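Structure first, commentary second.
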Amino acid sequence: MDLLKNYELGNLYPMYVLDSISDGHGAVYTCGMHNLGLKDAMIVGEEFQAAVEVLSIFGYYQLIDQPTIKAGQTFSIAQDAPIFLISEEKHQPSHGDELFENPFGMWLLESIK
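For what it's worth, full-length UniProt numbering labels the leading residue of the sequence shown as 1, then goes sequentially.
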């Protein structure tokens, strides 16, 4: 009952989303955003912990702020942090897996150097 009394939208994120999955080849991605009606996200070629931080903040941003995100927009976790270009990821790592493939799709965040 405490969860109902102290309900906050942000509490759903850690309950349903894993944001630190690595494919072992440089990609780090989230899984579970489909449980919240949102797209998962992936970052390729960044240091693991930095990628996890960006993915986590991006996930909370989607859930709490509920922005309209479009391919071609950019995202950054802070004014002085790296900027990421947002595009659609067409090849989800969990493609074909009924439990883990996201029917809403997946965002690809690519660092703008």
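The C-beta atom is built at its ideal place from N, Cα and C for all residues, glycine as well. None of these values were measured; they are calculated from a predicted model.
Query: What do you get for His91, buried or exposed, if any count of 16 or more other CB atoms within 10 angstroms of its CB means buried?; Result: exposed
Query: Apart from the five residues on each side of it in sequence, which residues of its chain come closer than 7 Å, Cβ to Cβ, to Glu89?; Result: Met42, Met106, Trp107, Leu108
Query: Locate the beta strand (DSSP E) running through Ala27, then write down its first and last residues.; Result: 27 to 31
Query: Closest to Tyr29 by C-alpha separation, out of Asn35, Leu18, Leu38, would be which residue?; Result: Leu18
Query: As a quick exercise: from Val54, Tyr61, Asp65, Glu98, pick the residue whose alpha carbon is nearest that of Pro82.; Result: Val54
Query: Go ahead and pull the three-state DSSP assignment for Ile112.; Result: strand
Query: Return the CA-CA distance between Tyr60 and Tyr13, expressed in angstroms with no decimal places.; Result: 7 Å
Query: How about Phe84 and Glu110: do their beta carbons lie closer than 8 Å?; Result: yes
Query: Along the chain, which unbroken stretches of the alpha helix (DSSP H) at least 4 residues long are found entirely within the UniProt domain "DUF4261" (29 to 85)?; Result: 48 to 60
Query: Compare the Cα-Cα distances from Phe104 to each of Gly45, Lys113, Gln62 and report the closest residue.; Result: Gln62
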